[in-house]
Amino acid sequence: AQTVTQSQPEMSVQEAETVTLSCTYDTSENNYYLFWYKQPPSRQMILVIRQEAYKQQNATENRFSVNFQKAAKSFSLKISDSQLGDTAMYFCAFFRGSNYKLTFGKGTLLTVNP
Amino acid sequence: DSGVTQTPKHLITATGQRVTLRCSPRSGDLSVYWYQQSLDQGLQFLIQYYNGEERAKGNILERFSAQQFPDLHSELNLSSLELGDSALYFCASSPQSGGPQETQYFGPGTRLLVL
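Protein sequence lines correspond, in order, to chains A and B.
Residue 138 in my numbering is what sits at position 27 of the first sequence, and the numbering runs on without skipping anything.
Residue 99 in my numbering is what sits at position 113 of the second sequence, and the numbering runs on without skipping anything.
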């Protein structure tokens, strides 16, 4: 079974600074996808970034980037120039194409302070 | 606003009862997914429907069932409710049959409280 672990239940960062959220996963699969989702206080789930396991290059979306270490099964999210609107719960998720199932970690609550 | 709508927003009911949650996907999306988010279990995938047919199944209890109608809206039926079923239930939709290349767009959720 696939498991996704987010070891940091809560984090905080000052506005305009950089923060990194950690995620590790366990799988015997070779072909899979990893995601970071954001859940702000409104409870809406919003896709932040997607990484394909077969791609060596780390994904980047504006201020959000990942550090994907396949051998270490690590998938961290870096948020640069943090903004107040980044305050949210962040979920790391694993997708295995063979069963069309997204498996989520427990989440990291990020607070951006002014 | 993702374009996915869910009704009702809140639901309070008693143990042993049955409720129906409704989801309308984004216009044109063929797949609908249901997720349960609770404090102890976290966010769990329940089931996916694609164009009216069940496509994938996750940790869905036998007391729960879902369906997708010809107009592509979906309903999640929860029966013999227990206290532990209290959770936020999300619906999501995607354009085709699903897969990591498709973004899943989440609705605002239905908060269910079982007393």
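Here a beta-carbon is modelled for each residue, glycine too, at the ideal position from N, C-alpha and C.
What you are looking at is a predicted structure, and each value in this text was computed from that prediction instead of being measured.
Q) Are at least three pairs of beta-carbons, each pair with one atom in the segment 88 to 101 of chain B and one in the segment 2 to 15 of chain B, less than 8 Å apart? A) yes
Q: Give the straight-line distance between the Cα atoms of residue 11 (chain B) and residue 168 (chain A), rounded to the nearest whole angstrom.
A: 33 Å
Q: Compare the beta carbon distance of residue 84 (chain B) and residue 49 (chain B) with 8 Å and say whether it is the shorter of the two.
A: no
Q.
Is residue -12 (chain B) close to chain A? Criterion is C-beta to C-beta, closer than 8 Å.
A. yes
Q | Cβ neighbour criterion (16 or more within 10 Å) applied to residue 71 (chain B) | A | buried
(Q) For a test of the three-state rule: what should DSSP assign to residue 137 (chain A), helix, strand or coil? (A) strand
Q: For chain B, find out if any of its Cβ atoms is closer than 8 Å to the Cβ of residue 195 (chain A); answer yes or no.
A: no
Q. Between the segment 193 to 200 of chain A and the segment 213 to 224 of chain A, are three or more C-beta pairs nearer than 8 Å?
A. yes
Q: Answer yes if the segment 73 to 83 of chain B comes into contact with the segment 15 to 24 of chain B, meaning at least three C-beta pairs across the two stretches below 8 Å, and no otherwise.
A: yes
**Q.** CA-to-CA distance, residue 170 (chain A) to residue 180 (chain A), given in whole angstroms
**A.** 12 Å
Q: Kindly indicate the opening and closing residues of the beta strand (DSSP E) around residue 165 (chain A).
A: Taken as a continuous stretch (DSSP letters only), residue 165 (chain A) belongs to no beta strand (DSSP E), as it is neither H nor E.
Q: Use the C-beta contact count for residue -2 (chain B): other C-beta atoms within 10 angstroms, 16 or more gives buried, fewer gives exposed.
A: exposed
Q) Along chain A, in chain order, which residues have C-beta atoms closer than 7 Å to that of residue 29 (chain B)? A) 202 and 215
Q: Alpha carbon to alpha carbon, how far is residue 56 (chain B) from residue 119 (chain A)? Give it in angstroms, no decimals.
A: 43 Å
Q. Per DSSP, residue -4 (chain B) is paired with what?
A. B:97
(Q) For a test of the three-state rule: what should DSSP assign to residue 69 (chain B), helix, strand or coil? (A) helix
Q | Contacts of residue 154 (chain A) in chain B (Cβ-Cβ under 7 Å) | A | 74, 94 and 95
Q) Expressed to the nearest angstrom, what Euclidean distance is found between the alpha-carbon atoms of residue 30 (chain B) and residue 128 (chain A)? A) 32 Å
Q: Using a Cβ cut-off of 7 Å, pull out every chain B residue sitting near residue 91 (chain A), in sequence order please.
A: Since the displayed chain A opens at 112 and closes at 225, residue 91 (chain A) lies outside it and no answer follows.
Q) For the beta strand (DSSP E) that residue 190 (chain A) lies in, which residues bound it at each end? A) 185 to 190
Q) Does residue 136 (chain A) come within less than 8 Å of chain B when only Cβ atoms are used? A) no
Q | Cβ of residue 89 (chain B) within 8 Å of any chain A Cβ | A | yes
Q. What are the boundary residues of the beta strand (DSSP E) that residue 142 (chain A) is part of?
A. No beta strand (DSSP E) holds residue 142 (chain A); DSSP gives it neither H nor E.
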